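As numbered in numbering that gives the first Met the number 0, residues 0 to 78 make up the sequence shown, in order. By construction, the Cβ of each residue, glycine as well, lies at the ideal position given by its N, Cα and C atoms. Because the structure is a prediction, the values reported are computed rather than measured. Have a look at the structure below before the remarks.
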Amino acid sequence: MWNQRELPLRVEKRFEFEEYSRISKFMKMVDELCKQKNIYPNISFGKNFVSITVFLGSEKLSKIEKDFSNQIDSFYSEI
0 MWNQRELPLR
10 VEKRFEFEEY
20 SRISKFMKMV
30 DELCKQKNIY
40 PNISFGKNFV
50 SITVFLGSEK
60 LSKIEKDFSN
70 QIDSFYSEI
């Protein structure tokens, strides 16, 4: 589940990994999706996690943003 935050309005999620090699694979998938959807979130990562923050264009999550976050969730499930 993505957490919605205010000031600034955004959704964010932290993804946990047991192996750094999985982070690399996940990040490549997210990179391609960003290019396809023209959405460029803030991304930070460490040895065993990736945090993604998507700043929203309006007060509600748009269909594009919702699809984007759902696709990222599916990438995580695949790894």
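For L55 and R9, which I take to be in contact (beta-carbon distance under 8 Å), what is that distance rounded to the nearest angstrom? Residue mapping note: residue 55 aligns to position 56 of the sequence shown, counting from 1. Residue mapping note: residue 9 aligns to position 10 of the sequence shown, counting from 1. Contact holds; Cβ gap of about 6 Å.
Nonlocal neighbours in the same chain, by C-beta distance under 6 Å from T52, ignoring five residues either side: Residue 52 sits at position 53 when you count from the first residue of the sequence shown. Taken in chain order, the residues that qualify are R9, E11, P40 and N41.
Thinking just about the alpha-carbon of each residue, which of E58, K36 and M26 is nearest to the one in Q46? Start at 1 with the first residue of the sequence shown, and residue 46 comes out as number 47. Checking the sequence, you will find Lys at residue 46 rather than Gln. When each option's Cα is compared against that of K46, the closest is M26.
Cα-Cα, which of E58, R21 and Y75 is closest to E5? The residue given as residue 5 occupies position 6 in the sequence shown. Minimum Cα distance to E5 is reached at E58.
Look up F67 in the DSSP assignment and give the residues it is bridged to. Position 68 of the sequence shown, counted from the first residue, corresponds to residue 67. Beta-bridge pairing links F67 to no other residue.
Through-space distance from I38 to S73, alpha-carbon basis: If you number the sequence shown from 1, residue 73 lands on position 74. If you number the sequence shown from 1, residue 38 lands on position 39. The alpha-carbon atoms of S73 and I38 are separated by roughly 17 Å.
At which residues does the beta strand (DSSP E) containing F84 begin and terminate? Here the chain covers residues 0 to 78 and nothing more, so residue 84 does not appear.
How about I78 and K24: are their beta carbons less than 9 Å apart? Locating residue 78 in the sequence shown gives position 79, where the first residue counts as 1. Locating residue 24 in the sequence shown gives position 25, where the first residue counts as 1. It is a contact, given that the beta carbons lie within the stated cut-off.
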